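Please read the structure below before turning to the comments.
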Amino acid sequence: MPEKKTKYIFVTGGVVSALGKGIASASLGLLLKKRGFNVDIIKCDPYINVDPGTMNPFQHGEVYVLDDGSETDLDLGHYERFLDKSMTKDNNVTTGQVYHTVISRERRGDYLGATVQVIPHITNEIIDCIKRPAKNNPDTDVVIVEIGGTVGDIESQPFLEAIRQMALERDPEDTIFVHLTLVPYIATAGEMKTKPTQHSVKALREIGIQPKVLLCRTAKQLDDSIRKKIGLFCNVPSSHVISAIDVETIYEVPLHYNKEGFDEIVCKHLELLNGPPDLTDWEEMVQKIKHPTHRVKIAICGKYVYLKDAYKSIIESFIHAGEENHARVDLIWVSSEDIKQKGADKFLSDIDGLLIPGGFGERGVEGKIESIRYVRENNIPFLGICLGMQCAVIEYARNVCGLKDAHSYEFYADLKHPVIHLMADQEGVTNLGGTMRLGVYKANLDKNSKAYKAYGVEEISERHRHRYEFNNAYRELFEGTDFKLTGMSPDGRLVEIVEVDKHPWFVASQFHPELKSRPTRAHPLFRDFIGASVAYMLKKKEAAHNKADNDLKERQEVS
Ligand code: GLN
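Residue numbers 15 to 573, in our numbering, belong to the letters of the sequence shown in order.
Have a look at this one:
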């Protein structure tokens, strides 16, 4: 049998950033998967950092951690959610990694005296990285390669050159270029403008890449005359100019692409001959997201509340958990510094649940601790993640166990009560990149816990990203209290989950559940947290209803 040829789909972006290349690539991936193909996706990031692990979330958004512990771009989160497939370090390639490999090789003398250059040495290494996932998994039918950045950037040029060469080496039906661009609507002229797209495609063609399909982000459907014009100027058949209109939820994007015939065009060109995709379950899921029965208000109290991308996976997890509970989750973003200054009551009095996400650094921590006290005392459902769990430990130690100066060693080295301390294997670690406790680890659950009720199994496996942990010297402090350690590492040493008993739902984990939530399979902790929030909201409504009834009766009796 001849060797199976893996097909490559190269996705580039033009005009402006933030058009949603990650979601476009993931959506196409889903459509191909639903046609029965074995799909993989690679994100190429042109920055010089080896990975985003050391970048400020304000600049880069969330750092998405994989099972194997790699710290990657948040687009990998979209890939995993849409394809329901675990990615590995080979799915994210950065300029930093490419140069790191080439320079190490040069130092070893592997280039035998040659002058090491962008072409061919850097481009060859990029090509090797792009080929690696299919090489490791020969069953791969298609690899989607998303090139980060915008065409015209200096940084992304070696990547574009590498994919041009890859296409040149292969038969025309083995590769396809898809370009995502913007067609803005100029309200004052009452017109849609094609010039930015023309320029961006021109820039691509100058470096030898002719896109086959143009995905045009627009507010309104493109009419035939605009598509013809774009096609003519960009050397693309007008039928391959696709309107990528704004939709209500990102999970609707693949359905829209399918209606526009995008996957059909790609499959025809690549000679991928399976029939149309079966999207029934996906359609049902989208309908449930769009037509909820309930509505709950969840507060997220954190440091980066002004940059939603810093909490991308958490936001998506709430959509999944809402869908399974027939609820729309309205997120209320509260700055932890505001809570500290103005009090929790001012911001949290009408919420149905509180989430404290992961984080680093002391800023805002007191506000987080205060908001946890508020929801614990007022029986409002609570989910804490990583730093959120550490804050829950500090709060209970301070306000219930009476250790007024309990805190985390992360913030003060000289502490009387470091209830959270540095993990032993982190001592002496000086390099910041890739040195935390990262990736998937197992944990065992106490059968008598809300966590066990959520998961339904005793052994779980979740992703981590932290340096600090619950200090076992303080286990005795919590014994006999309502504060339970309900999830432990298999050797019983590391506290993975804490809960407060006699509270409707108070659970916090050292791991990051948001990294494993999927649209068709919400994470058990998020699902039950939203379930508890819906119950809390309905109870509140009923109480308000009864009170209104009683007030009316009283008034009638008086008159
Ligand atoms: N800063 C804390 C630690 O390193 C929590 C990390 C997190 O929330 N991801 O342990």
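Virtual Cβ for every residue (Gly too), placed ideally from N, Cα, C. Treat the numbers as computed from the prediction; the structure is a model and nothing was measured.
{"Asked": "Provide the residue span of the beta strand (DSSP E) that contains residue 39, from first to last.", "Found": "Residue 39 -> not in any beta strand (DSSP E); alpha helix (DSSP H) instead, spanning 35-48."}
{"Asked": "In three-state DSSP terms, what is residue 296?", "Found": "helix"}
{"Asked": "Taking 8 Å as the threshold, find out whether the stretch 83-94 comes into contact with the stretch 121-135 through three or more Cβ pairs.", "Found": "no"}
{"Asked": "Could you check if residue 448 is buried or exposed, using at least 16 other CB atoms within 10 Å of its CB as the buried criterion?", "Found": "exposed"}
{"Asked": "Between the C-alpha atoms of residue 98 and residue 567, what's the straight-line distance to the nearest angstrom?", "Found": "55 Å"}
{"Asked": "Have a look at residue 430 and residue 508 and give me their C-alpha separation to the nearest angstrom.", "Found": "21 Å"}
{"Asked": "Buried or exposed: residue 497, going by 16 or more other Cβ atoms within 10 Å of its Cβ?", "Found": "buried"}
{"Asked": "Would you kindly work out how many angstroms separate the C-alpha atoms of residue 534 and residue 548, rounded to a whole number?", "Found": "20 Å"}
{"Asked": "My output table needs one value for residue 15: the three-state DSSP class, helix, strand or coil.", "Found": "Legend: pLDDT at residue 15 = 48, less than 50; position of this residue unreliable, value from coordinates given subsequently. If DSSP states are grouped into helix, strand and coil, residue 15 belongs with coil."}
{"Asked": "Is residue 42 near residue 191, with beta carbons less than 8 Å apart?", "Found": "no"}
{"Asked": "Under a Cβ-count criterion, where at least 16 other Cβ atoms within 10 Å of its own Cβ denotes burial, should residue 341 be classed as buried or exposed?", "Found": "buried"}
{"Asked": "Just curious, the alpha helix (DSSP H) that residue 217 is in, first and last residue?", "Found": "209-220"}
{"Asked": "Cβ-heavy atom distance between residue 301 and the ligand GLN below 7 Å?", "Found": "no"}
{"Asked": "Could you give the first and the last residue of the continuous alpha helix (DSSP H) run that contains residue 420?", "Found": "Where residue 420 is concerned, there is no enclosing alpha helix (DSSP H), although the beta strand (DSSP E) it sits in stretches over 420-422."}
{"Asked": "Throw me the rounded Cβ distance for the residue 63 and residue 110 pair, which I believe falls under 8 Å.", "Found": "5 Å"}
{"Asked": "Please state the DSSP three-state secondary structure of residue 223.", "Found": "coil"}
{"Asked": "Short of 7 Å in beta carbon distance, which residues of its chain neighbour residue 15, apart from the five on each side in sequence? Order them along the chain.", "Found": "Unreliable placement is indicated for residue 15, whose pLDDT of 48 sits below 50; no coordinate value is reported for it."}
{"Asked": "How would you label residue 438, buried or exposed, when you count the other beta carbons within 10 angstroms and need 16 or more for buried?", "Found": "exposed"}
{"Asked": "Per DSSP, which one or two residues make a beta bridge with residue 532?", "Found": "535"}
{"Asked": "By DSSP, does residue 109 sit in helix, in strand, or in coil?", "Found": "helix"}
{"Asked": "By the DSSP assignment, the alpha helix (DSSP H) with residue 385 in it spans what residues?", "Found": "379-391"}
{"Asked": "Considering only residues of the same chain and omitting the five flanking positions on each side of residue 411, which have a CB-CB separation below 6 Å?", "Found": "417, 420 and 433"}
{"Asked": "For residue 432, write down the residues that DSSP places opposite it in a beta bridge.", "Found": "421"}
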